[in-house]
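Participant:
2 protein chains.
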Amino acid sequence: MPWIPRYLGRMTETLDPTDWAILVEVQRDGRIPLTELGRRVNLSASATTERLKRLEAAGVISGYRADVDLAKVGYAVLAVVRLKYPGNKHDPLKKLLQRRFEILECLRTTGDDCYTLKVAAGSMAHLEDLVNELTEFGSTTTNLVYSQTQPYRGPQTPPPEL
Amino acid sequence: MPWIPRYLGRMTETLDPTDWAILVEVQRDGRIPLTELGRRVNLSASATTERLKRLEAAGVISGYRADVDLAKVGYAVLAVVRLKYPGNKHDPLKKLLQRRFEILECLRTTGDDCYTLKVAAGSMAHLEDLVNELTEFGSTTTNLVYSQTQPYRGPQTPPPEL
DNA sequence: CAAGATACCGGGGAATCCACGGCATAGCGC
DNA sequence: GCGCTATGCCGTGGATTCCCCGGTATCTTG
C-alpha cells in the first residue's frame, strides 16, 4: 500500500483503492458489520473502523439511509416534472418543498427548465393535484416513469483523468 | 393502538402510524440503534425489532445504503441527460449501464424523451466524452445541475386519499 | 539517525443485537 | 359467555459487535 498523505476538510479527498472498496461495500449494504467489512477489503476490523470514521468525518460519507419501496407504501405513480420558472423569487418554492413531501427531489439546472423534480403520487388524481400546484409557479412538463432501468447507485470508482 | 391485520407479500402494505414513524427515522439515519429507535417511536427495543424485520421481509425496506458526497470523491459535475431513443433495441443501453458507472440513475419515461439519466462526471471533458457515447443511441438533451435544492428524500407519510 | 506522523494490529470492557418464553388483547367458533 | 388462536408487546440472558486503548512497523522530516 503506497503512502498517501491525507488532508481532511478539503473539497475533494484523496482516496486509495481500499477506501473505494469500503465505499462500494457500504453503499451496497449500509449495515454491514465492521468485521465483515474488514474481511471484504482485507483489513482488520479496527483499521477498517478508522478509515470509515475518517470518511464520515471528512464528509465523504454524509449519512446512512434506509431505502423504501415507493410502490409498497402506496405511491404507485412516479413522475419527472420539469418546471420553467419565470422571475427569481425562489422562496415560495422552498416553502412548497417543506410542505409537499411527495416531491422527493428537486434539482436546479441550466437550460430552459429551471428545475427538475422527481415526484411520487398515490394515484393520477393525486399527481394532477400536485402538478396543479406546481403550475402556479410556471409552466410544467410532466413525464411518467415506466420503470427504473437503473435505480440510483452511488459512485463506484474515481473519475477518469480527462 | 387499533388492531390491524397484516397481509405480507402484497403489492402495498398496511402501515400504521408507528410503522411510518419507524420509516421516517431509518430513512434519516439508517444506523440508528434499535433501542434508540424504540425510544423515538415509544416502543420497546424488541417490539421495534419485530416491526423492522417485518418491514424488511415485506420488501418495504429494500436495503440500507451509505450516502456518498459526489463532489468530495471527485465528481464535480452533475447533469441530467434526456435521451430520445429511436427503435426498440434496449439491450445495448443496458450494456452501457453496466460499463459506465458515471450513469447514476436511468428512468424510462413517457413522452418524447424515452430515458432520463442522472450522470456524474469529474470534468466537462469527461461529461462530453460520456454524452458522446450516449449520442450514439439517439439525440440527447443535457442540463447541468447547479445545486440540489432538495436532495433525495424518501416518503414521509402515506399518500392522501384522492 | 532520531523524532514525528501515519497506518495497522490485537485485546478487553461496554454496548448492541438476537432468540426465547411469557403476558395482554382482539377476533372467532361454539 | 367461554375457550381457542393469533397478534403484538415486553423482558431476559448469551452471542456478537462496537469502541477505546496501547504497541509495532514504515515512511517523512529535520
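Chains as they are written, first to last, in the numbering used here: chain A, 15 to 176; chain B, 15 to 176.
Note that CB positions come from ideal geometry on N, CA and C, so glycine has one too.
1) What are the residues of the segment 145-156 of chain A that lie near chain B, defined by any Cβ-Cβ distance shorter than 7 angstroms?
2) Could one say the Cβ of Arg45(A) lies closer than 9 angstroms to chain B's Cβ atoms, at least one of them?
3) May I ask you to report which of helix, strand or coil DSSP gives Ala90(A)?
4) Is the separation between the beta-carbon of Arg45(B) and that of Tyr78(A) shorter than 9 angstroms?
5) Please check if any C-beta of chain A sits within less than 9 angstroms of the C-beta of Arg79(B).
6) Would you call the segment 148-155 of chain B and the segment 83-99 of chain B in contact, with 3 or more CB pairs under 8 angstroms?
7) Buried or exposed: where does Gln119(A) fall if 16 or more other Cβ atoms within 10 Å of its Cβ makes it buried?
8) Out of Glu50(A), Ala134(A) and Leu57(A), which one is the CA nearest neighbour of Ser161(A)?
9) Using a Cβ-Cβ cut-off of 9 angstroms, state whether Asp127(B) counts as contacting chain A.
10) Determine the direct distance from the alpha carbon of Val55(A) to that of Phe151(A), and round the result to whole angstroms.
11) Distance cutoff 9 angstroms, beta carbons only. Does Gly88(B) sit that close to anything in chain A?
12) Run through DSSP, which three-state label would Ala80(A) get?
13) In or out: Asp33(B) buried (at least 16 other Cβ within 10 Å) or exposed?
14) What are the start and end residues of the alpha helix (DSSP H) that includes Ser58(B)?
15) Does any CB atom of chain A fall closer than 9 angstroms to the CB of Thr32(B)?
Facilitator: In brief:
1) Going along the segment 145-156 of chain A in chain order, one finds no residue with a Cβ nearer than 7 angstroms to chain B.
2) The sequence position of residue 45(A) within the first sequence is 31, counting from 1. Answer yes: the Cβ-Cβ gap between Arg45(A) and chain B drops below 9 angstroms somewhere.
3) Looking up residue 90(A) in the first sequence gives position 76. In the structure shown, Ala90(A) sits in coil (DSSP, three-state: anything other than H, G, I, E or B).
4) If you number the second sequence from 1, residue 45(B) lands on position 31. If you number the first sequence from 1, residue 78(A) lands on position 64. A contact, by the Cβ cut-off of 9 angstroms.
5) The sequence position of residue 79(B) within the second sequence is 65, counting from 1. Interface residue, yes.
6) Contact between the segment 148-155 of chain B and the segment 83-99 of chain B is present, because at least three Cβ pairs lie under 8 angstroms.
7) Mapped onto the first sequence, residue 119(A) falls at position 105. It is worth fixing the name first, because residue 119(A) is Glu in this sequence and not Gln. Under this definition Glu119(A) is a buried residue.
8) Along the first sequence, one-based indexing puts residue 161(A) at 147. Nearest C-alpha to Ser161(A) among Glu50(A), Ala134(A) and Leu57(A): Ala134(A).
9) Here residue 127(B) refers to the residue found at position 113 of the second sequence. Yes, Asp127(B) counts as interfacial toward chain A.
10) If you number the first sequence from 1, residue 151(A) lands on position 137. If you number the first sequence from 1, residue 55(A) lands on position 41. C-alpha separation (whole angstroms): 50 angstroms.
11) Looking up residue 88(B) in the second sequence gives position 74. Judged by the 9 angstroms Cβ criterion, Gly88(B) is in contact with chain A.
12) The sequence position of residue 80(A) within the first sequence is 66, counting from 1. It is a strand residue.
13) Residue 33(B) sits at position 19 when you count from the first residue of the second sequence. The residue is buried, with at least 16 neighbouring Cβ atoms inside 10 Å.
14) Here the question's residue 58(B) lines up with position 44 in the second sequence. From DSSP, Ser58(B) is part of no alpha helix (DSSP H); its letter is neither H nor E.
15) Working through the second sequence from its first residue, we reach residue 32(B) at position 18. At a cut-off of 9 angstroms between C-beta atoms, Thr32(B) does not count as an interface residue with respect to chain A.
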